[in-house]
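Single-structure report; data block below.
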Amino acid sequence: MTGEIAQVGVIGLGTMGAGIVEVFARAGLRVVGVDGSQELADRGRGFLESSTGRAVSRGRLAESAQQEILDRVTWTAEYDALADCDLVIEAVPERLDIKTAIFTKLDGVVRPDTVLASNTSSLSLTEIAAATARPERVVGMHFFNPAPVLKLVEVITTVLSDDAVVERVRDLAERLGKKPVVVRDRAGFVANALLITYLARAIRTYETGHVSREDLDDAGRVGVGFPMGPLTLSDLIGLDVVKEVCDVLYAATHDPSAAPPALLQQLVAAGRLGRKTGSGFYDYEKAGSGTVTPDAAQDDVKPAAQVVVVGESAAASDLAGQIGGGGASLVEWVSTAGARDSLAGVDVVILASDTSPDWVAELLATMDSGATLAVASPGGAAATPAASSGVTVVALRVHPATKGGRLAEVLRSTGAPQVATLRATLSAAGFVVVGGRLRAGGVVDALLYPHLNDAVRMLDSGYATAADIDTAMTAGCGYPEGPLAMIDRIGPAQVAAVLTTMRDETGEVGLTPSPLLREATAAGQSLHG
Numbered sequence: 001m002t003g004e005i006a007q008v009g010v011i012g013l014g015t016m017g018a019g020i021v022e023v024f025a026r027a028g029l030r031v032v033g034v035d036g037s038q039e040l041a042d043r044g045r046g047f048l049e050s051s052t053g054r055a056v057s058r059g060r061l062a063e064s065a066q067q068e069i070l071d072r073v074t075w076t077a078e079y080d081a082l083a084d085c086d087l088v089i090e091a092v093p094e095r096l097d098i099k100t101a102i103f104t105k106l107d108g109v110v111r112p113d114t115v116l117a118s119n120t121s122s123l124s125l126t127e128i129a130a131a132t133a134r135p136e137r138v139v140g141m142h143f144f145n146p147a148p149v150l151k152l153v154e155v156i157t158t159v160l161s162d163d164a165v166v167e168r169v170r171d172l173a174e175r176l177g178k179k180p181v182v183v184r185d186r187a188g189f190v191a192n193a194l195l196i197t198y199l200a201r202a203i204r205t206y207e208t209g210h211v212s213r214e215d216l217d218d219a220g221r222v223g224v225g226f227p228m229g230p231l232t233l234s235d236l237i238g239l240d241v242v243k244e245v246c247d248v249l250y251a252a253t254h255d256p257s258a259a260p261p262a263l264l265q266q267l268v269a270a271g272r273l274g275r276k277t278g279s280g281f282y283d284y285e286k287a288g289s290g291t292v293t294p295d296a297a298q299d300d301v302k303p304a305a306q307v308v309v310v311g312e313s314a315a316a317s318d319l320a321g322q323i324g325g326g327g328a329s330l331v332e333w334v335s336t337a338g339a340r341d342s343l344a345g346v347d348v349v350i351l352a353s354d355t356s357p358d359w360v361a362e363l364l365a366t367m368d369s370g371a372t373l374a375v376a377s378p379g380g381a382a383a384t385p386a387a388s389s390g391v392t393v394v395a396l397r398v399h400p401a402t403k404g405g406r407l408a409e410v411l412r413s414t415g416a417p418q419v420a421t422l423r424a425t426l427s428a429a430g431f432v433v434v435g436g437r438l439r440a441g442g443v444v445d446a447l448l449y450p451h452l453n454d455a456v457r458m459l460d461s462g463y464a465t466a467a468d469i470d471t472a473m474t475a476g477c478g479y480p481e482g483p484l485a486m487i488d489r490i491g492p493a494q495v496a497a498v499l500t501t502m503r504d505e506t507g508e509v510g511l512t513p514s515p516l517l518r519e520a521t522a523a524g525q526s527l528h529g
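Position 121 of the sequence shown, counted from 1, bears residue number 121 in full-length UniProt numbering, the numbering being contiguous throughout.
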């Protein structure tokens, strides 16, 4: 075994490959960047110059340091330039035939002790390694985009990998300032196996028409606290890439939740691949832009002139305070006993106390036709529809604030109006409002809890530790906390109960709580042991 890795080669100098070059060069290593032509190699140099130039302009990098980074890199189309590298990593497109051809070619170029690595995000590393005469020296080194920013590196091993080589690559990742997790060769590894299945489920939810694309994205971004909503993220990744990983995951697992949704397949077939083509789930100003083209202006709906909040609970006080603090509506906070007085002339009544049908019926008897009764519940419980009073009854769930804001879900029965006045009232009070059909889990929990269940299944399979799963999703996907930490905070019993209700409502077997989740619920234990 040779000493510390000092010179690396990177094959494939697109956005991802150039980002990997930057990571190595910033860490003080000499780098040889290789692509299929000198023109492509020069394009890679342009990516690095632009990226480091932005850092200089923002005061995050001195000009002298930028020049040192640029001087550490050689750009070429010649594979022979890789002969003295201690490690060579490929970052070419996710096609097995391209990757295996490169690894076969490297056998005749690099030293016998050179470590070969693949940046594959989902393909079989074992098949890639089999293309070389030295499979024991092949590992996965999966960076996340943008590589200079995101901390996660998945170090993937095969049954043939030399443990010393794996340890050497893990140590290198730490030298780079990254957070490595070491896992075995399995479709999607940790982050993509969890993330892409989550995105596929979200796309299926959008397909149903139960929630708009904007509301679905707000549910993920604000309700959960993820960096962006699932449809926006899919457009950023590239819908063709999301579909390719879905295909790989489904081929490996035959799990229906991993199969590419019909809408995703249709958008890819139509060439709507996301930001890179200027259109995907959203339309953008131009190809490569992240600026969404706004839809036609909607009718301006005004908040309710008066809102009555019913209940003695802290939740009722909180709602009354925030709505009143918004200044758009006159708010009256009354007890359940006080609510027996007439509510005539009130556009919006929020019941934040006893949610029994008797209470709903009693309030309806004093409300005007055309008004809205919102039944607030921590779990987004079903409201009793108003069949003849002319009052629209909806379920209301208010979530704790996240970095993105504070979200309120308005859940309606099939055929109920969109309750635009209620939405406008909550929006004026500072809530981010999402609407959806009255279904188990609402919008936020139905989006999040199956994702959390997948993480528990991964833990239960012995594939990765709780710490590595949480690290993968925080360092690789920007989650505010790992999925298993989320379950510990929410409570395994709550997650299991909502999943069971969703399964019973939909008949989807995949929503059955993981055995390990049920065990944690019964024992009252943390999933972190």
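All C-beta atoms, glycine included, are put in the ideal place defined by N, C-alpha and C.
Owing to the predicted nature of the structure, the values given are computational and were not obtained by experimental measurement.
Sort out for me which residues DSSP pairs residue i with in a bridge.
{"i": "Arg397", "result": "Glu409"}
{"i": "Trp333", "result": "Val309"}
{"i": "Gln7", "result": "Arg30"}
{"i": "Ile89", "result": "Val10 and Ala117"}
{"i": "Asp283", "result": "Ser279"}
{"i": "Thr402", "result": "Gly405"}
{"i": "Thr392", "result": "Thr372"}
{"i": "Val292", "result": "Tyr284"}
Locate the alpha helix (DSSP H) running through residue i, then write down its first and last residues.
{"i": "Ala376", "result": "Here Ala376 belongs to no alpha helix (DSSP H); instead the beta strand (DSSP E) covers Thr372 to Ala376."}
{"i": "Leu499", "result": "Pro492 to Thr506"}
{"i": "Phe47", "result": "Gln38 to Ser57"}
{"i": "Val110", "result": "Premise fails: Val110 is in no alpha helix (DSSP H) and is neither H nor E."}
{"i": "Val456", "result": "Val444 to Asp460"}
{"i": "Met228", "result": "Looking at the DSSP string, Met228 is not in any alpha helix (DSSP H), and its letter there is neither H nor E."}
{"i": "Met473", "result": "Ala466 to Cys477"}
{"i": "Leu172", "result": "Asp163 to Arg175"}
{"i": "Val248", "result": "Leu239 to Thr253"}
{"i": "Tyr198", "result": "Ala191 to Glu207"}
Following the continuous beta strand (DSSP E) through residue i, name the residue where it begins and the one where it ends.
{"i": "Glu154", "result": "Leu152 to Thr157"}
{"i": "Leu351", "result": "Val348 to Leu351"}
{"i": "Ala117", "result": "Val115 to Ser118"}
{"i": "Phe24", "result": "Counting along the chain, Phe24 falls outside any beta strand (DSSP E), though it belongs to the alpha helix (DSSP H) covering Thr15 to Arg26."}
{"i": "Glu179", "result": "First, the residue type needs correcting, since residue 179 is Lys and not Glu in the sequence shown. Counting along the chain, the beta strand (DSSP E) containing Lys179 begins and ends at Lys179 to Arg184."}
{"i": "Arg275", "result": "No beta strand (DSSP E) contains Arg275, which DSSP labels as neither H nor E."}
{"i": "His142", "result": "Val138 to Phe143"}
{"i": "Phe431", "result": "Phe431 to Arg437"}
{"i": "Val73", "result": "Val73 to Thr76"}
Within the same chain, show all residues whose beta-carbon is closer than 8 Å to that of residue i, passing over the 5 residues directly before and after it, in chain order.
{"i": "Gly36", "result": "Ala77"}
{"i": "Val31", "result": "Gln7, Val8, Gly9, Val10, Val21, Phe24, Ala25, Arg72, Val73 and Thr74"}
{"i": "Gly345", "result": "Gln306 and Asp368"}
{"i": "Val211", "result": "Thr205, Ala219, Val434, Gly435, Gly436, Arg437 and Val443"}
{"i": "Leu364", "result": "Leu373, Ala386, Ser389, Val391 and Val393"}
{"i": "Thr253", "result": "Ala187"}
Going by other Cβ atoms of all chains shown within 10 Å of its Cβ, with 16 needed for buried, is residue i buried or exposed?
{"i": "Gly529", "result": "exposed"}
{"i": "Lys286", "result": "exposed"}
{"i": "Arg95", "result": "exposed"}
{"i": "Glu39", "result": "exposed"}
{"i": "Lys276", "result": "buried"}
{"i": "Val80", "result": "The residue you asked about is not Val; residue 80 is Asp in the sequence shown. Exposed, because fewer than 16 other Cβ atoms sit within 10 Å of the Cβ of Asp80."}
{"i": "Val393", "result": "buried"}
{"i": "Pro513", "result": "buried"}
{"i": "Ile98", "result": "exposed"}
{"i": "Thr208", "result": "exposed"}
{"i": "Lys302", "result": "exposed"}
{"i": "His399", "result": "buried"}
{"i": "Val509", "result": "exposed"}
{"i": "Val159", "result": "exposed"}
{"i": "Val92", "result": "buried"}
{"i": "Gly17", "result": "buried"}
Note down, in chain order, each residue of its chain lying with its Cβ closer than 6 Å to the Cβ of residue i, except the 5 sequence neighbours on either side.
{"i": "Ala523", "result": "none"}
{"i": "Ala259", "result": "Tyr250"}
{"i": "Thr521", "result": "Pro492, Ala493 and Ala496"}
{"i": "Ile5", "result": "Asp86, Leu87 and Leu172"}
{"i": "Gly404", "result": "Arg221 and Val222"}
{"i": "Asp217", "result": "Gly229, Leu231 and Thr232"}
Skipping 5 residues on each side, what residues in its chain have a beta carbon closer than 7 Å to that of residue i?
{"i": "Asp240", "result": "Val268 and Leu273"}
{"i": "Gly370", "result": "Gly390"}
{"i": "Arg518", "result": "Ala496"}
{"i": "Leu511", "result": "Pro450, Leu499, Met502 and Arg503"}
Using a Cβ cut-off of 8 Å (strictly closer), state whether residue i contacts chain C.
{"i": "Asp218", "result": "Reference to chain C is not applicable here, since this structure consists of a single protein chain."}
Okay, do the stretch 427–435 and the stretch 319–329 touch, 3+ Cβ pairs below 8 Å being the bar? yes
Indicate whether the contact test is met: 3 or more Cβ pairs, each with one atom in the stretch 219–228 and one in the stretch 474–488, closer than 8 Å. yes
Can you find at least 3 beta carbon pairs, one from the stretch 106–122 and one from the stretch 133–150, that sit closer than 8 Å? yes
So does the stretch 399–410 actually touch the stretch 184–194, counting three or more Cβ pairs closer than 8 Å? no
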